[in-house]
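Numbering (my numbering), first residue to last: 14 to 329.
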């Protein structure tokens with residue numbers, strides 16, 4: 014039996030909205046006996062909103078739905094780093110938050126939430142492809158690129174579309190308990206629980222370089238990850254001093270040299286876990302990490318999971 018007062022969920026559709034990101038909260042929080050929620054899909058104004066990926070949305074409600082809602086979801090949208098949503102959208106989000114509503118962004122919806130200033134000084138995440146742009150555009154936001162979602166209480170953010178499901182189930186778990194969230198997960202044929210601290214499974218954790226200095230040294234290092242690699246060895250290959258190499262390398266990649274090397278080794282370990290049946294100890298030796306214990310330590314630190322769990326996820 015539904016309570017007298019349903020929890021109110023608004024899904025705010027912005028220009029370029031991604032279909033999965035819009036559909037996830039709308040479906041997860043659908044009104045039924047096990048789900049005491051009422052959902053309204055809204056936009057900056059009632060009517061047609063041009064979406065991304067060839068779809069558009071006809072929404073019945075405008076920003077007044079944010080005055081009504083207890084939770085406001087902001088789905089991801091295309092080209093979030095180009096310009097901010099209209100000021101009226103930011104003002105409505107701020108007003109909803111001030112009134113006590115929770116704001117939850119899925120994927121690139123974090124850019125719209127960041128534009129309000131409500132993420133300043135707080136941890137947040139977004140789709141791995143946009144984490145660097147979010148950090149550059151909103152330097153006061155503490156962007157965490159290695160998590161599925163972040164819960165800062167009244168403001169929540171998640172990575173790509175699938176982690177939007179994780180965020181919704183996390184909210185359900187807090188609102189209604191584990192049994193209700195597990196029931197919703199079974200209905201969605203989704204994993205009942207993935208920790209927000211688990212890393213996004215990006216294609217490569219080594220970032221694309223910001224500059225091209227030392228490209229030859231990076232390529233050389235990638236082909237000898239199983240051998241000793243120190244700052245001095247890398248600097249010698251680049252024909253500069255270790256101090257100069259360290260400074261310029263970080264400018265090029267965003268990472269200190271040895272942190273970059275560690276991420277490259279973890280990436281190679283991921284490939285071997287996905288494509289082979291080699292034991293963890295042998296993989297650790299091949300990627301230059303020596304022992305299985307050392308591989309497990311750094312794998313957990315960077316990806317938030319273990320090599321064995323990772324292999325089970327990616328190998329049929």
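Where a beta carbon is used, it is the ideal one built from N, C-alpha and C, also for glycine.
Distances from the CA of residue 106 to each of 77, 325, 92, 121 were compared; the closest alpha carbon is that of 77. Rounded to the nearest angstrom, the gap between the Cα atoms of residue 62 and residue 235 is 46 Å. Residue 154 sits in coil when the DSSP states are folded into three classes, being neither helix nor strand. Its chain contains 120, 138, 139, 140, 141, 160, 161, 162, 213 as the residues whose beta carbon lies nearer than 8 Å to that of residue 172, once the 5 sequence neighbours on both sides are disregarded; these appear in chain order. With a beta-carbon spacing of about 4 Å, residue 151 and residue 127 fall inside the 8 Å limit used to define contacts.
For a cut-off of 8 Å, the C-beta gap from residue 89 to residue 72 is around 17 Å, too long to register as a contact.
Distance from the CA atom of residue 114 to the CA atom of residue 86, rounded to whole angstroms, is 10 Å. Close CB contacts of residue 22 within its chain, under the 6 Å cut and outside five residues either way in sequence, are with 42, 50, 52, 84 (chain order).
When DSSP assignments are scanned along the region 15 to 55, the uninterrupted stretches of beta strand (DSSP E) that are 3 or more residues long and fall wholly within it turn out to be 20 to 25, 50 to 55.
Under DSSP, residue 162 forms a beta bridge with 171. The DSSP-derived three-state label of residue 176 is helix.
Secondary structure of residue 79 (DSSP, three-state): helix. Beta bridge pairing from DSSP links residue 71 with 61. For residue 30, the closest C-alpha among the options 92, 58, 81, 48 is that of 92. In this structure, residue 286 lies near residue 324, with their beta-carbon atoms less than 7 Å apart. Residue 147 has its alpha-carbon roughly 19 Å from the corresponding atom of residue 180. Boundaries of the beta strand (DSSP E) harbouring residue 118: 115 to 119, taken from the DSSP string. With respect to the C-alpha of residue 184, the residue from 253, 268, 164, 81 having the closest C-alpha is 164. According to the DSSP assignment, residue 124 belongs to the alpha helix (DSSP H) that extends over 122 to 127.
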